[in-house]
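The opening residue of the sequence shown carries number 23 in my numbering; numbering runs sequentially from there.
Okay, structure first, notes after.
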Amino acid sequence: MPKERDEETGKYTENYPLADFIAALESYDGGAGTQEIADKVGCAYRTAHAKLTELEKDKLVTSREVGNAKLWRLTESD
Numbered sequence: 023m024p025k026e027r028d029e030e031t032g033k034y035t036e037n038y039p040l041a042d043f044i045a046a047l048e049s050y051d052g053g054a055g056t057q058e059i060a061d062k063v064g065c066a067y068r069t070a071h072a073k074l075t076e077l078e079k080d081k082l083v084t085s086r087e088v089g090n091a092k093l094w095r096l097t098e099s100d
């Protein structure tokens, strides 16, 4: 399936909004691995990792290494 482009800007349209990754994490109480999130959103592992890393830079999620994988959690709100 070819990617769609915005007719005005020529940029590719967003197929996987960040909100989808937040919603996927919310569905897991104790956090989830990258592949679990990718499966829930319906995207590739690399896409999920990139989006989760973006959310981590924005301090909306945190991660920690567990073996050779990352466990992602939503940031605690006060």
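Backbone N, C-alpha and C fix where the C-beta goes; we use that ideal spot for every residue, glycine too.
Distance, Cα to Cα, residue i vs residue j?
{"i": "residue 76", "j": "residue 69", "result": "11 Å"}
{"i": "residue 19", "j": "residue 38", "result": "Nothing can be reported for residue 19: it is not among the residues displayed for the chain, which extend from 23 to 100."}
{"i": "residue 54", "j": "residue 79", "result": "18 Å"}
{"i": "residue 96", "j": "residue 85", "result": "9 Å"}
{"i": "residue 66", "j": "residue 51", "result": "22 Å"}
{"i": "residue 83", "j": "residue 91", "result": "16 Å"}
{"i": "residue 56", "j": "residue 31", "result": "31 Å"}
Considering just the uninterrupted stretch of the alpha helix (DSSP H) at residue i, what are its terminal residues?
{"i": "residue 48", "result": "40-48"}
Using beta-carbon positions only, say whether residue i and residue j come within less than 7 Å of one another.
{"i": "residue 41", "j": "residue 59", "result": "no"}
Practice task
Mind listing, in chain order, the continuous beta strand (DSSP E) runs of no fewer than 3 residues lying wholly within the stretch 50-91?
Solution key: 83-88
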